[in-house]
Amino acid sequence: AEPILTISGLNVDYGTGPTGVHALRDVDLTLHRGEVLGLAGESGSGKSTLAYAVTRLLSPPGVITGGDVHYHRPGAGPVDILSLSPDALRAFRWQELSIVFQGAMNSLNPVHTVHSQLTDVLKAHRPAMRSAERTARAEELLTLVGISRDRLTAYPHQLSGGMRQRVMIAMALALEPEIVIMDEPTTALDVVMQRQILRQLVRLREQLSFSVVFITHDISLLIEFSDRIAIMYGGRIVEQAGASEIYRDPRHPYSEGLLHSFPALHGPRRELTGIPGTPPHLSAMPAGCAFHPRCGKAHDPCADQIPVLARPEAGQDREVACWLHTRPA
Ligand code: SF4
Ligand code: MG
3 AEPILTISGL NVDYGTGPTG VHALRDVDLT LHRGEVLGLA GESGSGKSTL AYAVTRLLSP
63 PGVITGGDVH YHRPGAGPVD ILSLSPDALR AFRWQELSIV FQGAMNSLNP VHTVHSQLTD
123 VLKAHRPAMR SAERTARAEE LLTLVGISRD RLTAYPHQLS GGMRQRVMIA MALALEPEIV
183 IMDEPTTALD VVMQRQILRQ LVRLREQLSF SVVFITHDIS LLIEFSDRIA IMYGGRIVEQ
243 AGASEIYRDP RHPYSEGLLH SFPALHGPRR ELTGIPGTPP HLSAMPAGCA FHPRCGKAHD
303 PCADQIPVLA RPEAGQDREV ACWLHTRPA
């Protein structure tokens, strides 16, 4: 499939000067039309930072210090997202790409009904639409995410957490974007809900043909629902491949550790016992391969040379950043 979003060489820092730290380094990633791309990694690996950076929602001290992000509008030339004007960016965010952030279900306005929140999005971006049309569209959107249309008059507190999350998805789909980015609900209790939501997104994707980026630390969810998976560690992508390739044959020791941290696709959840130690702080990123202090396979170049993402087999859509798979220059 053709690319719809291409990220290349993306760098993000938090702060500048001597106290500045690297949050994202050399991120290259392509989202293809119609695919579900999963982004996995422990918290602090840069997953959310990446979502904020590509949508230009990064707030200070976060700053993009290098790289490119291009959106490939169907039937038109590429759009350089990093140089869009504020107005163009606002339109882009709802109409071409929409995001459902971590904890988004709590960002519904408590004093407004579902109806008014859904129709507000339409009012702002489709000023020519008549009131009756907006209501009809709001009903249609609710039905789409599996909520009965009589909940249109409900206030957020009258809905379960899962329903509120689905209302957020309905809002995100209101203007028929080409891309939906969904950042995880963080708590362990939310895994069942994440699974429901992901299943629903995949179904809607088939119906409406948009592309999805789903961000979670739970790689087992991604194996079940995504087409491709990119795994992040220390602000870099360390492996990316098809979901079934990652599942059958993870190449990066960190990918392997993440997979072993989850006993079975449908088993109970555990902590990341597959990997000793904890992820590094941005301010104390280990030299060389950032994973080396935790890696059972660390060897000679690992502690001082950063492995770059490369294809271990020519012609295959798999990339790994590990000295086990590429040789130092
Ligand atoms: Fe382990 Fe070295 Fe590979 Fe890093 S580069 S994951 S330390 S083997
Ligand atoms: Mg996060």
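Taking UniProt numbering, I'd label the letters of the sequence shown as residues 3 to 331. Don't be surprised by glycine CBs; every beta carbon is placed ideally from N, CA and C.
- C-beta atoms of E247 and R320 nearer than 7 Å: Position 245 of the sequence shown, counting from 1, holds the residue named residue 247. Position 318 of the sequence shown, counting from 1, holds the residue named residue 320. For E247 and R320, yes; Cβs fall inside 7 Å.
- Query: Does the distance from the CB of G48 to the CB of G237 come in under 7 Å?
  - Reply: Within the sequence shown, the letter at position 46 stands for residue 48. Within the sequence shown, the letter at position 235 stands for residue 237. Yes. Within cutoff.
- Message: Quick check on R139: does DSSP put it in helix, strand or coil?
- Response: Locating residue 139 in the sequence shown gives position 137, where the first residue counts as 1. Note: R139 maps to helix in three-state DSSP.
- Which residues count as close to the ligand SF4 when the rule is a CB under 7 Å from any of its heavy atoms, in chain order? H254, P255, Y256, C291, F293, H294, C297, K299, A300, H301, C304, P309, C324, W325 and L326
- Message: Does L12 pass the burial test, meaning 16 or more other C-beta atoms within 10 Å, or should it be called exposed?
- Response: Within the sequence shown, residue 12 is the residue found at index 10, counting from 1. L12 should be labelled buried.
- Which of helix, strand or coil DSSP assigns to I217: Reading the sequence shown from its first residue, position 215 is the one you call residue 217. It is a strand residue.
- Query: CA-CA distance, H92 and I83?
  - Reply: Position 90 of the sequence shown, counting from 1, holds the residue named residue 92. Position 81 of the sequence shown, counting from 1, holds the residue named residue 83. In the sequence under discussion, the amino acid at residue 92 is Arg, which differs from the His named in the question. Cα to Cα, the separation comes out at about 11 Å.
- Task: Please state whether DSSP places G43 in a helix, a strand or coil.
- Result: Position 41 of the sequence shown, counted from the first residue, corresponds to residue 43. G43: coil per DSSP, three-state reduction.
- Name the residue from F227, H254 and E141 whose alpha carbon lies nearest to the alpha carbon of A245. Numbered from its first residue, the sequence shown carries residue 245 at position 243. Cα-wise, what sits closest to A245 is F227.
- Message: Tell me the rounded alpha-carbon separation between E208 and A289.
- Response: Residue 208 sits at position 206 when you count from the first residue of the sequence shown. Residue 289 sits at position 287 when you count from the first residue of the sequence shown. Rounded to the nearest angstrom, the two C-alpha atoms are 43 Å apart.
- Task: Can you check the stretch 39 to 101 for any alpha helix (DSSP H) of at least 4 residues that lies completely inside it and give the ranges in chain order?
- Result: 49 to 56 and 88 to 97
- Message: I need the straight-line Cα distance from R197 to P20, nearest angstrom please.
- Response: Here residue 197 is taken as the residue at index 195 of the sequence shown, counted from 1. Here residue 20 is taken as the residue at index 18 of the sequence shown, counted from 1. Each residue's Cα considered, the two are about 42 Å apart.
- Task: Would you mind working out which of Y256, A243, V14 and A316 sits nearest S61, comparing C-alpha positions?
- Result: Mapped onto the sequence shown, residue 61 falls at position 59. Checking every option, the nearest Cα to that of S61 belongs to V14.
- Query: Which partner residues of residue 345 appear in the DSSP bridge assignment?
  - Reply: Outside the displayed range of the chain (3 to 331) lies residue 345, so it cannot be described from this structure.
- Could you say which of V81, A134, I308 and T115 lies nearest to M287 if we only look at CA atoms? In the sequence shown, the residue the question calls residue 287 occupies position 285. Checked all of V81, A134, I308 and T115; the closest Cα to M287 is I308.
- Message: Three or more C-beta pairs under 8 Å: does that hold for the stretch 152 to 167 against the stretch 115 to 131?
- Response: yes
- Using the rule of at least 16 other Cβ atoms within 10 Å of the residue's Cβ for burial, across every protein chain shown, is S257 buried or exposed? Your numbering for residue 257 matches position 255 in the sequence shown. It counts as buried.
- In the structure shown, what three-state DSSP assignment does H283 receive? For the purposes of this step, residue 283 is identified with residue 281 of the sequence shown, where counting begins at 1. Reduced to three states, the DSSP call for H283 is coil.
- Message: Comparing C-alpha positions only, which one of V56, S211 and E4 sits nearest to L26?
- Response: Sequence index remark: in the sequence shown, residue 26 carries index 24 (1-based). Among V56, S211 and E4, the Cα nearest to that of L26 belongs to V56.
- Distance, M170 Cα to P5 Cα: Residue mapping note: residue 5 aligns to position 3 of the sequence shown, counting from 1. Residue mapping note: residue 170 aligns to position 168 of the sequence shown, counting from 1. If you take the alpha carbons of P5 and M170, they lie about 26 Å apart.
- Message: Can you tell me where the alpha helix (DSSP H) holding I199 begins and where it ends?
- Response: Position 197 of the sequence shown holds residue 199. Unbroken alpha helix (DSSP H) run through I199: V193 to L210.
- Message: Rounded to the nearest angstrom, what separates S133 and V147 at their Cα positions?
- Response: Numbered from 1 along the sequence shown, position 131 holds the residue referred to as residue 133. Numbered from 1 along the sequence shown, position 145 holds the residue referred to as residue 147. In a straight line, the C-alpha of S133 is about 22 Å away from that of V147.
- Item | For L267, the three-state DSSP class (helix, strand or coil) | Within the sequence shown, residue 267 is the residue found at index 265, counting from 1. Any reading at L267 must be qualified, since the residue scores a pLDDT of 48, below 50, and its modelled position is unreliable; no value is offered.
- Message: In the DSSP assignment, the beta strand (DSSP E) including E258 goes from what residue to what residue?
- Response: Within the sequence shown, numbered from 1, the residue matching residue 258 stands at position 256. Note, E258: premise wrong, no beta strand (DSSP E); alpha helix (DSSP H) at P255 to H262.
- Message: Taking the straight line between their C-alpha atoms, what separation do you get for S85 and F293?
- Response: If you number the sequence shown from 1, residue 85 lands on position 83. If you number the sequence shown from 1, residue 293 lands on position 291. When rounded, the distance between both Cα atoms is 34 Å.
- Query: Which term fits A78, buried or exposed, when burial requires 16 or more other beta carbons within 10 angstroms of its beta carbon?
  - Reply: As a working mapping, residue 78 is identified with position 76 in the sequence shown. Classification of A78: exposed, given that the 10 Å Cβ count is below 16.
- Assign Q242 to one of two classes, buried (16 or more other C-beta atoms within 10 Å of its C-beta) or exposed (fewer than that). Mapped onto the sequence shown, residue 242 falls at position 240. Q242 comes out buried.
- Task: Have a look at the DSSP bridge pairing and note the partners of V182.
- Result: Walking along the sequence shown from the start, residue 182 turns up at place 180. Its beta-bridge partners are S100 and V214.
- Message: On the criterion of 16 or more Cβ atoms from any shown chain inside 10 Å, does Q318 qualify as buried, or is it exposed?
- Response: Position 316 of the sequence shown, counted from the first residue, corresponds to residue 318. So Q318 counts as exposed.
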